[in-house]
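Visitor:
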């Protein structure tokens with residue numbers, strides 16, 4: 014394994030690991046805050062138990078997200094010092110703001126987790142909401158830095174060096190709105206369906222359990238709203254990529270030849286050596302219609318770019334197909350739930366609905382991972398699109414397979430351990446201890 | 202000496218580093234005492250530590266992130282050089298930070314399973330003990346002339362940290378964090394016997410701090426002339442040393458006399474002064490003898506915006522932090538207000 018490949022793999026691994034916890038960290042506080050709001054509003058202790066149980070899960074995922082995020086902030090320099098030397102002054106701004114968002118997140122999570130009896134109920138709920146808000150802002154700032162790598166603005170090149178730096182223009186680069194929107198909705202989508210799936214699993218065993226019914230209701234509401242608005246953000250993102258990063262769009266779609274009335278390929282495998290995408294179901298003019306809202310629009314193919322500037326389309330195309338497939342599946346599931354709720358004021362009674370929810374539980378996260386593959390692999394061979402190549406940004410350090418092996422092992426073990434502890438201590442745990450001086454939580458809680 | 206914008210940002214980074222040492226450092230020290238918990242009250246000691254750290258350790262950790270982002274936003278070449286030259290100890294540090302953070306929360310939630318809890322407690326304690334040494338090694342190495350740059354590129358290889366001075370600073374940091382944690386912990390319990398346990402530990406750690414301080418100063422002569430000259434020959438040298446020494450001795454006296462709130466203030470004060478002295482001695486360098494604050498500074502507009510961002514952030518951060526500490530620590534200095542700690546995280 015070359016050092017460049019090792020560096021890229023280490024970065025990819027660290028991000029792939031972190032992004033799961035980051036997404037949960039964005040959405041989960043809102044779920045627990047909603048549950049706590051319902052407890053304060055309705056006085057049903059069931060919602061208090063629910064908020065406390067979800068808070069335990071949030072604490073575990075937040076802790077892992079915090080340390081894996083710390084690793085990333087160092088790895089930017091450990092693996093890509095040339096990139097950071099060049100870009101630090103241009104995009105450090107959103108990272109610094111992210112630092113503060115992370116601060117408030119950590120502070121109010123501490124208050125939320127340990128302050129059930131120490132702070133007044135309304136303040137406690139407010140702490141939960143502040144954790145959620147800071148989580149959303151944290152994500153937003155990090156995405157601003159990433160979107161700058163895709164559509165770098167806010168500087169001018171002079172003899173290969175950035176001059177006339179404008180960090181504000183860099184922050185508000187053209188790709189930030191669609192990336193931020195898409196990712197934030199995805200966090201709620203994946204977390205909502207993920208949590209709903211866990212409670213569906215419990216309901217399959219004990220269909221009348223009030224606790225899990227209530228939990229499913231809240232989590233699924235969040236997930237379904239996200240699923241139903243996702244196509245709007247997906248359409249917007251697609252059109253922006255068409256406009257801003259045509260090489261990435263060509264890779265995503267497995268499009269080699271530049272053409273008008275470009276077909277939309279569903280499935281298929283791009284074969285770069287032959288310059289074709291095989292085994293795809295082609296919908297005539299579909300791509301032109303989607304990317305430009307005009308069936309006759311010209312869509313650039315990979316061949317329009319010099320070979321050294323082309324991303325390899327295999328991963329972006331396959332990942333994109335998976336992401337869109339998942340999005341469609343969750344959208345349909347969301348429609349079913351909405352339709353049933355509108356007609357009967359209840360979720361579908363069918364056991365198949367619960368089974369599908371269980372299947373859907375990990376899919377949202379898979380969608381996040383594949384979507385992120387599309388963005389990052391589709392940006393290659395650039396680390397800063399059109400400005401700096403990934404291979405020129407890597408550290409001169411050698412033997413990078415060692416840290417790669419180390420972090421692979423570490424994250425692999427952590428993933429297992431976190432999953433086991435989460436399962437035993439949050440999902441299966443029969444009772445979350447009630448607050449001292451209060452009566453035990455409702456008897457229907459747990460399993 | 203006229204202070205420019207880069208100097209102001211560097212000063213803020215130093216303040217953040219001091220905050221990290223005083224808050225996050227004590228959390229590391231807590232891990233050391235978890236590892237060394239002994240005697241009839243070993244379990245109670247561990248519980249006190251977990252209890253004291255629980256609500257605040259995530260927030261304390263963020264100071265480190267703040268130092269890192271200020272460094273790479275305001276001084277990108279320094280960040281790139283440090284991350285390259287110190288790649289190996291920083292990687293080890295990261296593994297330590299990951300294991301520590303994860304094991305702490307896993308231990309807290311494995312409350313009904315003693316064996317699992319002990320296992321995670323051990324991971325937490327060991328990684329908390331290793332991490333400060335590595336932090337010290339990083340600080341120590343950038344203070345020596347071991348890192349060499351040519352046109353901003355590191356030419357001294359990846360092993361410049363393999364030197365006695367850097368390790369001495371590493372163990373000095375460990376001793377200081379352990380001392381600080383033990384002093385803080387005297388106020389995190391109301392049980393007189395536990396309080397005595399931590400008082401004895403603090404006094405023991407004070408001896409280690411003294412020995413390591415002497416070692417660092419002794420080795421600094423040859424390894425870190427910049428620091429040594431800075432510490433000895435500037436106008437502020439004498440008053441700073443006198444004040445630092447007075448605080449360190451005062452902390453020990455206060456411990457001896459069981460004036461715990463005073464001990465807490467003085468122990469924190471002497472660490473803050475040591476880091477302040479280090480920063481002043483390093484000035485104007487970020488990497489001793491190689492890269493100055495001025496040379497490494499990002500363009501003025503970046504620094505101006507960063508300063509505005511830091512000020513705006515502080516407006517949100519400081520009241521939030523004050524609220525956090527008032528809620529759980531009775532305002533930092535005067536220990537737990539109630540004895541009936543009652544959260545579901547520890548029972």
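Residue numbers (the working numbering), protein chains in the order written: chain A, 14 to 460; chain B, 202 to 548.
Glycine included, C-beta positions come from ideal geometry on N, C-alpha and C.
Nothing here was measured: the structure is a model prediction, and the numbers come from that model.
1) Can you grab the Cα-Cα spacing for the pair residue 347 of chain A / residue 239 of chain A, in whole Å?
2) The beta strand (DSSP E) with residue 494 of chain B in it runs from where to where?
3) Apart from the five residues just before and just after residue 43 of chain A, which ones in its own chain have a Cβ nearer than 6 Å to its Cβ?
4) Would you list, in chain order, the members of the stretch 494 to 521 of chain B that have their beta-carbon closer than 9 Å to a beta-carbon of chain A?
5) Who are residue 42 of chain A's beta bridge partners in DSSP?
6) Take residue 396 of chain A and list the residues in its own chain whose beta-carbon comes closer than 6 Å to its own, dropping the five residues that flank it on each side.
7) According to DSSP, residue 118 of chain A sits in a beta bridge with which residue or residues?
8) Check the DSSP bridge columns for residue 278 of chain A and list the partner residues they point to.
9) Starting from residue 259 of chain A, trace the alpha helix (DSSP H) both ways and give me its first and last residue.
10) May I ask whether a heavy atom of the ligand NAP can be found less than 7 Å away from the beta carbon of residue 426 of chain B?
11) Taking contact to mean at least 3 C-beta pairs separated by less than 8 Å, is the stretch 339 to 357 of chain B in contact with the stretch 375 to 394 of chain B?
12) Please state whether DSSP places residue 431 of chain A in a helix, a strand or coil.
13) To the nearest angstrom, how far is the alpha carbon of residue 330 of chain B from that of residue 219 of chain B?
14) Chain B beta carbons: is any one of them nearer than 8 Å to that of residue 97 of chain A?
15) How would you label residue 425 of chain A, buried or exposed, when you count the other beta carbons within 10 angstroms and need 16 or more for buried?
16) Kindly list the residues whose CB is nearer than 6 Å to the CB of residue 375 of chain B, restricted to its own chain and excluding five residues on each side of it in sequence; keep chain order.
17) For residue 107 of chain A, which option in A:87, A:128 and A:185 has the closest C-alpha, if you only look at C-alpha atoms?
18) Tell me, please, whether the CB atom of residue 32 of chain A is closer than 8 Å to any CB atom in chain B?
19) Classify residue 358 of chain A as helix, strand or coil using the three-state DSSP reduction.
20) Entirely within the stretch 386 to 450 of chain B and at least 4 residues each: give me those alpha helix (DSSP H) ranges in chain order.
21) To which residues of the same chain is residue 70 of chain A closer than 6 Å at the C-beta, ignoring the five residues directly before and after it?
22) According to DSSP, is residue 60 of chain A helix, strand or coil?
23) Chain B beta carbons: is any one of them nearer than 8 Å to that of residue 69 of chain A?
24) Determine, using beta carbons only, whether residue 323 of chain A and residue 331 of chain A come nearer to each other than 8 Å.
25) Identify, in the order they occur along the chain, each residue of the same chain with its Cβ nearer than 7 Å to the Cβ of residue 236 of chain B, setting aside the five sequence neighbours on each side.
26) Under a CB-based cut-off of 8 Å, is residue 385 of chain B close to chain A?
27) I need the straight-line Cα distance from residue 256 of chain B to residue 309 of chain B, nearest angstrom please.
28) Are the CB atoms of residue 81 of chain A and residue 27 of chain A nearer to each other than 8 Å?
29) Can you check whether the C-beta of residue 207 of chain B is within less than 8 Å of a C-beta belonging to chain A?
30) Please identify the residue among A:367, A:191, A:222 and A:335 whose C-alpha is closest to the C-alpha of residue 153 of chain A.
31) Kindly say whether residue 80 of chain A, judged by its beta-carbon, lies nearer than 8 Å to any beta-carbon of chain B.
32) Enumerate in chain order the residues of its own chain whose CB-to-CB distance from residue 189 of chain A is below 7 Å, with the five nearest sequence positions on each side excluded.
33) How would you call residue 321 of chain A, buried or exposed, if buried means at least 16 neighbouring beta carbons within 10 angstroms?
34) Output yes if chain B places a C-beta closer than 8 Å to the C-beta of residue 14 of chain A; else output no.
35) Among B:337, B:380, B:352 and B:351, whose alpha-carbon lies nearest the alpha-carbon of residue 369 of chain B?
36) Residue 205 of chain A: buried (16+ other C-beta within 10 angstroms of its C-beta) or exposed?
Guide: Straight from the coordinates:
1) 9 Å
2) No beta strand (DSSP E) holds residue 494 of chain B; the alpha helix (DSSP H) holding it covers 494 to 497.
3) 145
4) 498, 499, 500, 502, 503, 504, 506, 507, 510, 511, 513, 514, 515, 517, 518 and 521
5) None; residue 42 of chain A has no bridge partner.
6) 96, 403 and 406
7) Paired residues: none, contrary to the question.
8) A:295
9) 259 to 266
10) Annotation note on the ligand NAP: not contained in the displayed structure, which lists no ligands.
11) Per the Cβ contact rule, the stretch 339 to 357 of chain B is not in contact with the stretch 375 to 394 of chain B (fewer than 3 Cβ pairs under 8 Å).
12) helix
13) Distance from the CA of residue 330 of chain B to the CA of residue 219 of chain B, rounded to the nearest whole angstrom, comes to 19 Å.
14) Closer than 8 Å: yes.
15) Residue 425 of chain A is exposed by the Cβ-count criterion.
16) 333 and 334
17) A:185
18) no
19) Here residue 358 of chain A sits in coil by DSSP.
20) Along the length of the stretch 386 to 450 of chain B, whole alpha helix (DSSP H) runs at least 4 residues long occupy 393 to 424 and 426 to 434, reported in chain order.
21) 439
22) In the three-state DSSP reduction, residue 60 of chain A falls in the helix class (H, G or I).
23) yes
24) With respect to the 8 Å criterion, residue 323 of chain A and residue 331 of chain A are not classified as neighbours on the basis of their beta carbons.
25) Excluding positions up to five away in sequence, the list reads 326, 327 and 330.
26) No, because no Cβ of chain A sits closer than 8 Å to the Cβ of residue 385 of chain B.
27) 11 Å
28) yes
29) no
30) Ranking A:367, A:191, A:222 and A:335 by Cα distance to residue 153 of chain A puts A:191 first.
31) A Cβ of chain B is located within less than 8 Å of the beta carbon of residue 80 of chain A.
32) Counting only residues of its own chain and dropping the five nearest sequence neighbours on each side, residue 189 of chain A has a CB closer than 7 Å to the CB of 156, 157 and 160.
33) exposed
34) no
35) B:337
36) Its Cβ being crowded by 16 or more others within 10 Å, residue 205 of chain A is buried.
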